[in-house]
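Structure first, then comments.
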């Protein structure tokens with residue numbers, strides 16, 4: 001599969017339509033924002049990575065301590081734009097006129113004792129020099145192994161479905177956990193899981209600690225790669241993360257895994273003392 005941005009006859013949009021893939025993952029242009037918003041978004045990203053439990057009002061108050069004075073409405077808008085607040089489907093606004101099915105959170109108090117017992121997913125904001133893109137990843141809870149990831153400059157469900165399809169080639173989890181964002185409540189996404197007989201779990205709206213292993217992954221990705229590089233394009237980010245995730249899976253030792261790598265635990269099935 002090859003998208004040619006400079007094709008003399010076919011636009012990127014048309015090439016993606018012909019190949020049946022979402023165009024957001026192949027555009028090389030990041031989402032553009034004005035410089036003032038971009039500066040605020042960089043600060044919000046760094047603070048959210050440190051303090052994922054901060055809500056809009058605390059974020060607004062924190063910005064004042066570092067010399068920025070946006071109002072609450074603006075901070076909320078930027079956090080939603082960045083994907084750092086789940087974007088929920090409003091009642092009666094789905095295309096077929098009905099709400100999405102409500103799925104309970106299935107993992108409270110459940111010990112995770114083996115690979116492929118629980119997978120989970122989330123979307124995060126990846127800053128670029130002149131804008132940003134979105135990253136989705138799917139992780140195995142037991143081993144912390146990253147099963148699949150995709151980048152996009154849109155928040156449509158297409159790049160999430162691509163990641164899910166790749167992950168499902170490795171096997172099937174008993175439970176798949178996500179937040180209630182529209183990408184993960186879409187009929188295409190839940191339908192894939194239901195067809196595979198996978199139980200669906202969804203976080204409560206105060207989500208950051210329901211999906212704690214993905215939040216920890218985002219912290220590692222940002223401190224160990226994104227914040228260390230001043231990426232300019234989605235192509236550069238894709239190349240950088242293409243190096244980072246194999247290192248994370250196969251070389252990076254985790255204290256919680258008894259100083260083993262996620263790959264060792266996922267493929268050998270031993271995780272030391274953690275549950």
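Residue numbers (the numbering used here): 1 to 275.
Ideal placement from N, C-alpha and C gives every residue a C-beta, glycine not left out.
- Message: Taking contact to mean 3 or more Cβ pairs, one atom from each stretch, closer than 8 Å, check whether the region 99–110 and the region 165–182 are in contact.
- Response: Counting Cβ pairs under 8 Å, three or more are found: they touch.
- Buried or exposed: where does residue 34 fall if 16 or more other Cβ atoms within 10 Å of its Cβ makes it buried? Flag for residue 34 reads exposed.
- Message: Just to confirm my understanding: we take residue 172, look at its own chain, exclude 5 residues before and 5 after, and list those with CB closer than 8 Å. What are they?
- Response: Counting only Cβ-Cβ distances below 8 Å, and skipping sequence neighbours, we find 116, 196, 197, 198.
- Task: Report the residue ranges of all alpha helix (DSSP H) runs contained in full by the region 158–221; include only those spanning at least 4 residues, in chain order.
- Result: Qualifying alpha helix (DSSP H) stretches, in chain order: 158–168, 182–185, 187–195.
- Message: Quick check: residue 82 and residue 44, are their CB atoms within less than 8 Å of each other?
- Response: Yes.
- Item | Where the beta strand (DSSP E) containing residue 361 begins and where it ends | Examination of residue 361 is not possible in this model, given that the chain is present from 1 through 275 alone.
- Item | CA-to-CA distance, residue 107 to residue 201, given in whole angstroms | Distance between the alpha carbons of residue 201 and residue 107 is about 8 Å.
- For the candidate residues 121, 131, 114, whose alpha-carbon lies nearest to that of residue 143? Checked all of 121, 131, 114; the closest Cα to residue 143 is 114.
- Per-residue burial, residue 169 [other beta carbons within 10 Å of its own, 16 or more giving buried]: Residue 169 comes out exposed.
- Query: So, helix, strand or coil for residue 25, using DSSP?
  - Reply: Low per-residue confidence applies at residue 25: pLDDT is 49, beneath 50, and the placement is therefore not dependable, though the value from the model is reported in the following sentence. Reduced to three states, the DSSP call for residue 25 is helix.
- Message: Between the alpha carbons of residue 166 and residue 223, how many angstroms are there, rounded?
- Response: Residue 166 and residue 223 have their C-alpha atoms spaced approximately 26 Å apart.
- Query: Is it a yes or a no for the region 249–260 touching the region 142–162, going by three-plus beta-carbon pairs under 8 Å?
  - Reply: A contact exists between the region 249–260 and the region 142–162.
- Message: Going by C-alpha to C-alpha distance, which of 123, 227, 233, 249 sits closest to residue 214?
- Response: For the set 123, 227, 233, 249, the Cα lying nearest the Cα of residue 214 is the one of 123.
- Query: From residue 127 to residue 191, what distance separates their C-alpha atoms?
  - Reply: For residue 127 and residue 191, the distance between alpha carbons rounds to 31 Å.
- Message: Suppose contacts are defined by Cβ-Cβ distances below 8 Å. Is residue 120 in contact with residue 157 by that definition?
- Response: Between residue 120 and residue 157, the C-beta spacing is not below 8 Å.
- Message: Spatial neighbours of residue 49 within its chain, please: C-beta separation below 6 Å, excluding the five flanking residues on both sides.
- Response: Here the set comprises 219, 222.
- Query: Among the residues of its own chain, which have a CB less than 7 Å from the CB of residue 250, if the five just before and after it don't count?
  - Reply: Excluding residues within five positions, the ones whose Cβ falls inside 7 Å are 261, 263.
- Task: Rounded to whole angstroms, what's the CA-CA distance from residue 303 to residue 189? Just pull it up for me.
- Result: The requested residue 303 is not part of the displayed model; the chain covers only 1 to 275.
- Classify residue 75 as buried or exposed, calling it buried when 16 or more other Cβ atoms lie within 10 Å of its own Cβ. Around the beta-carbon of residue 75, 16 or more other beta-carbon atoms lie within 10 Å, marking it buried.
- residue 48 bridges to which residues according to DSSP? According to DSSP, residue 48 bridges with nothing at all.
- In whole angstroms, what separates the C-alpha of residue 278 from that of residue 38? Residue 278 lies beyond the range of the chain shown here (1 to 275); nothing can be said about it.
- Query: Any idea what DSSP makes of residue 256, helix, strand or coil?
  - Reply: It is helical.
- Message: Taking the alpha helix (DSSP H) that residue 107 belongs to, which residues open and close that run?
- Response: Segment: none, residue 107 is in no alpha helix (DSSP H) and carries neither H nor E.
- Work out the CA separation of residue 232 and residue 276 for me, nearest whole Å. Only positions 1 to 275 of the chain appear in the structure, and residue 276 is not among them; the question remains open.
- How about residue 79 and residue 40: do their beta carbons lie closer than 8 Å? For residue 79 and residue 40, no; Cβs fall outside 8 Å.
- With 16 other Cβ atoms within 10 Å as the buried cut-off, status of residue 65: Around the CB of residue 65, fewer than 16 other CB atoms lie within 10 Å, so the residue is classed as exposed.
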